[in-house]
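Structure first, then comments.
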Amino acid sequence: MEMTGERRIEAPRQTVWEGLNDPEVLRASIPGCESVERTGEDSFQARVSIKIGPMAARFTGKVQLSNINPPESYTISGEGNGGAMGFAKGGADVSLKEEAPAVTLLSYAVKAQVGGKMAQLGARLIDSTAKQMADQFFTRFAAQMNAPQGAEARAEAGASAEAPAPRPSAEAALPPGTVPTPAPGTPVGDASPVERLGAATGIGAGLTEHAGGTPPGGQAHAGQPGAAATPPATRPAPPPAPAGISIFSLLPDEIFGLPLLFWGGSAIFVVILFLLFVLG
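Counted from 1, the sequence shown has number 201 at position 221 by our numbering; the numbering is strictly sequential.
Below, the structure is given as structure tokens:
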């Protein structure tokens, strides 16, 4: 299997070179990578889980760097063992070209071979899987290279946004020997310059009230000398509750010109006569 390509990365060449030699950056960039450990100055050990078609395997491999020319190029070679699934070994030449102070062109040429059960899947499936993994690697690697610069920019923007604007000092705002003058219409015309300053800043007014006096342009509070007693506010009396309605008030006073008492007595007299003549 042979594969070549290049990728433009928005980062300085030195930053890209350091990322290619950083185990944590490589672990976050390699698809399915479980761990990357440095075993020497120019060697690494990695554990990667990959899936090729219907087969999944976990490879444990060793990587060696050679032909190192920082920060321009190096050669990477290694081999991995996937147990019953087979093995893989090969190498790649990697070079970095500085297109701009913050733009690096990364070029690579890979040669590799696989054996065991994986070789039975066919060269076309293996090549497409390798190309897909290479695209994922460089996409993640470019994001890793851009992350520190973006974090610094966001930190600087957040620091400038959170820094409070300096508040002007009252003492620094007034030149030496200047007496503050109240705005037209403020009731402190007869106050002394010190009282005017207190009324303008709100400090002198509080001190005057604490001493029992009346602040310039203000009114004395209750309990202080000169405070007039304010009569308590009277609340209006509630309206009288409506009188209850009796059923007897609905009866008429007279029936056919005769009082109601007459008709009641006549009814009782008729009942007595009925009891005497019928039952007696």
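Yeah, the Cβ is synthetic: ideal placement off N, Cα and C, and Gly gets one too. Please read these numbers as outputs of a predicted model, since none were measured by experiment.
For this session: Determine the burial state of residue 15: buried for a count of at least 16 other Cβ atoms within 10 Å of its Cβ, exposed for fewer.
Result: exposed
For this session: Just the C-alpha distance for residue 72 and residue -4, rounded to the nearest angstrom, thanks.
Result: 17 angstroms
Problem set entry | Own chain residues within Cβ distance below 7 angstroms of residue 246, not counting five before or after | none
For this session: Give every residue of the same chain whose Cβ lies closer than 6 angstroms to the Cβ of residue 39, excluding the five residues on either side of it in the sequence, and list them in chain order.
Result: 28, 60 and 62
Problem set entry | 7 angstroms CB neighbourhood of residue 126 in its chain, flanking five on each side removed | -10 and -9
Exercise. Looking only at DSSP bridge pairs, what is residue 103 linked to?
Worked result: Note: residue 103 sits in no beta bridge, so no partner.
Problem set entry | Cut-off 8 angstroms between Cβ atoms - residues of its own chain near residue 66, not counting five sequence neighbours on either side | 37, 94, 95, 96, 97, 98 and 99
Problem set entry | Nearest-angstrom beta carbon gap, residue 9 and residue 120 [assumed within contact, 8 angstroms] | 4 angstroms
Problem set entry | Boundaries (first-last residue) of the alpha helix (DSSP H) holding residue 4 | 3 to 9
Exercise. Under three-state DSSP, which class holds residue 22?
Worked result: coil
Exercise. CB-CB under 6 angstroms to residue 118, same chain, minus the five flanking residues each way: which ones, in chain order?
Worked result: -13
Exercise. Could you check where the alpha helix (DSSP H) with residue 0 kicks off and where it finishes?
Worked result: -7 to 0
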